[in-house]
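For reference, the structure is listed below as structure tokens.
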Amino acid sequence: MSLEGGLKGIPLSHSAPPETDKRWADNAIISAEGITRGPEHWSEHLSPEILQEIKDEIPNSYEIQGDILIVKLEQEVSRYGTEIANAMLNQLPSVRLVCADNGVIGEFRVRDLQPLSSRNDNFSTITQIRENGVLISTDPAKVYFSARLSKEREDNLAVAKELRNKLSRPLRICDPYAGVGPSLASLLREKELVSECFAGDLNPDAFELLETNISRFISKLDTPLSTLEVKNIDAREWAKEVQAESKIDYLLVNLPHHSLEHLPSLLPLLSKNHPTVIRGWAIIDRDSLTNQKDAIESMIELAGGVVESINCSEVKGFSSSKIFMRFESWQIFH
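Per the working numbering, the very first residue in the sequence shown carries number 15; after that it's consecutive.
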């Protein structure tokens, strides 16, 4: 109902006496302020002057890893980076740090991140991501991690279970390009799935976090792993540097720019006289997808394997001419 002064009243009872009735005399009448809707977009926290100046170059997307927001800023708006970061912090209470993404740098192809603003002056780029119920420590300024590949990691687990059922025993697994270990999180926590684990990364910063994460992943296992090797070495040296030759049932190959190039050096890791599985990812020319199956099969046969099945499929686009491909191969070495 409408009241004086533009106020609104909500009747609690249609049979209640009017407010002039003497029965209300000793009761306080309280006018409460209504709840108004706050800003719906972080840009609404910018000053009108800045908003007017950059309105055509406002970032339309960003990525959040843990409590870190990563955003690409066009050159025209980069001078307002601090103001943009503060606006994002005001809008997104779960974000602690906002960084500008200045592209990929270095041997390990990590992001060149520029911290812009933080909550409570905490500028550390180490954060934690929860994936499939598991906490994974990472540092987007020093290591590569993609939450967009979580579905691939779910499929890794499904394939591992299938192989375990086929072999009727826990698996010996190897992830020589493990990064901080996201692919190992679900594999190592699955009951009676893994008996031996060989993992590593050439990036020393990733290796340090990998050790921390693996310790967390296995901390609640009912049955300890019989073998755990975590190494900071080139994956192509695993067969001779670590006593893993002809040991591995399940091999992950995730170095997309070099996976196919490195694959022949990894095949000696695979165990013999029973089915083994390789799951890998590679960046290839878009028009070469149909040729990849034959190329991988030739590598395996040259190493003495008999291929049972190979599947190569596009996961996502990478550029106008390249795609991100997954390959999965089942084979037996004799």
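Built from N, CA and C at the ideal position, the CB exists for glycine as well.
Note that the structure is a prediction, hence the values are computed from the model and not measured.
- A residue is called buried once 16 or more other Cβ atoms fall within 10 Å of its Cβ, and S229, having fewer, is exposed.
- Annotation for V109: I78, D81, I82, L83, M102, L103, R133 place their beta carbon closer than 8 Å to its own, counting only its chain and skipping 5 residues before and after.
- With the rule of 3 Cβ pairs closer than 8 Å, the stretch 197-213 counts as touching the stretch 237-253.
- Segment contact: the stretch 284-297 against the stretch 217-228, fewer than three CB-CB distances shorter than 8 Å; contact not assigned.
- Within the model, the alpha-carbon separation for R250 versus G214 is close to 11 Å.
- Here the alpha carbons of R162 and E145 stand approximately 11 Å from one another.
- Looking only at L171, D169, T139, R203, the smallest Cα-Cα distance to V157 is reached by T139.
- The stretch 50-138 contains, as complete alpha helix (DSSP H) runs of 4+ residues, the segments 62-68, 95-105 (chain order).
- Sequence-distant partners of G95 (beyond 5 residues in either direction) whose C-beta falls short of 7 Å from its own C-beta, in its chain, are L87, A114, L130.
- Separation of the CB atoms of G319 and L281 is rounded to 7 Å, and the pair is thereby assigned contact status at 8 Å.
- With a beta-carbon spacing of about 19 Å, L224 and A174 fall beyond the 8 Å limit used to define contacts.
- Per the C-alpha coordinates, the member of E63, E67, T152 positioned closest to R125 is T152.
- Residue range 273-280 is occupied by the alpha helix (DSSP H) that includes S279, with no beta strand (DSSP E) assigned at that position.
- Here W252 is buried. Its C-beta has 16 or more other C-beta atoms within 10 Å.
- Taken in chain order, the unbroken stretches of alpha helix (DSSP H) that lie wholly in the stretch 154-210 and span 4 residues or more are 164-181, 196-203.
- Taking the Cα positions, E315 is about 37 Å away from I119.
- DSSP, reduced to helix, strand and coil, places Q306 within a helical segment of the structure shown.
- If you draw a straight line from the Cα of E243 to the Cα of S233, it comes to about 16 Å.
- Around the beta carbon of I44, fewer than 16 other beta carbons lie within 10 angstroms, which makes this residue exposed.
- In the structure shown, E225 adopts helical secondary structure according to DSSP, grouped into three states.
- The beta carbon of K336 lies closer than 7 Å to those of I297, I298, D299, R300 in the same chain, with the five residues before and after it left out.
- With a cutoff of 8 Å on beta-carbon distance, M339 and C326 are scored as near each other.
- Taking C-alpha positions only, L185 is separated from D248 by approximately 23 Å.
- Distance check between A258 and each of I64, I187, S164, I72 places I187 closest, using alpha-carbon atoms only.
- Here S197 is near N170, since their CB atoms are less than 8 Å apart.
- As DSSP reads the structure, W344 sits in a beta bridge with V291, S323.
- The straight-line gap separating the alpha-carbon atoms of E121 and H271 is approximately 12 Å.
- Less than 8 Å divides the Cβ of V148 from the Cβ of R203.
- Ranked by Cα distance from Y264, the first of L284, V256, P278 is L284.
- Taking C-beta separations shorter than 8 Å and ignoring five residues to either side along the sequence, the partners of P31 in its chain run R37, W38, following chain order.
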